[in-house]
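So the sequence shown is numbered by our numbering: it starts at 535 and just counts up by one.
Have a look at the structure below before the remarks.
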Amino acid sequence: MDKQQAIRALRRADQVARRAMAMGRHPFGALLVAPDGETVLAEQGNIDTVQHAEATLARTASLNYPGEYLAQCTLVSTFEPCAMCAGTVYWANIGRVVYGAEESALLALTGDHPENPTLSLPCRELFARGQKSVEVIGPVPEVADELVATHRGFWEQRGR
């Protein structure tokens, strides 16, 4: 996946996040992109505090595609996957993660909000502890501000 493909995919993931937000859910969005870097195989918005967009998408992908194929695919996420989501991506055998904005940017928005107690564990650190490689691309500065903007108003309304 080249830089322009990643930017297009991140903007589409942001649209998914905005749909989740319109349903009253936290505004996170994720895509599963085929090995060609263009074809979107699935998309998922956040459901709740346990069924994050990335983890839900990775579980669904593992039920629908063989691991050898997923190893060539990319999970695109608006924000850096948390430890739960990164672990699920690892076990689903998805070979690459692209994220737009870092967990630290999310923490700056949410603070100690009880609906989003972020984990300060970069996904790269989690993947480094595994026995197989997961490539990580992110943050992507060209779109990070756009992705953060989706969250800013949401968390302000939630009374951060």
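We put the CB at the ideal spot given by N, CA and C, even for glycine.
Counting only unbroken stretches of 4 or more residues, the alpha helix (DSSP H) elements lying wholly within the region 623-650 are 637-644, in sequence order.
For Gly687, the uninterrupted alpha helix (DSSP H) run begins and ends at Pro675 to Gln691, by DSSP.
With fewer than 16 other beta carbons inside 10 angstroms of its own, Asp536 counts as exposed. Contact annotation: Val610 and Gly579 have beta-carbon atoms that are not nearer than 8 angstroms. For Val623, same chain residues with a beta-carbon under 7 angstroms away, outside a window of 5 residues either side, are Glu588, Ala592, Leu609, Pro615, Val631 and Val668 in chain order. Minimum Cα-Cα distance from Asp646 among the listed residues Glu690, Val584 and Gln539 corresponds to Glu690. The bridge partners DSSP lists for Ser611 are Ala564 and Tyr633.
For Gln578, the enclosing beta strand (DSSP E) stretches over residues Val574 to Gly579.
In the three-state reduction of the DSSP assignment, Val670 falls in the strand class. In this structure, DSSP gives Cys657 a helical state, which the three-state scheme calls helix.
Inter-residue distance for Ala540 and Leu640 is about 20 angstroms (C-alpha atoms, whole angstroms). Taken atom to atom, the span from the alpha-carbon of Ser654 to that of Leu660 is near 11 angstroms.
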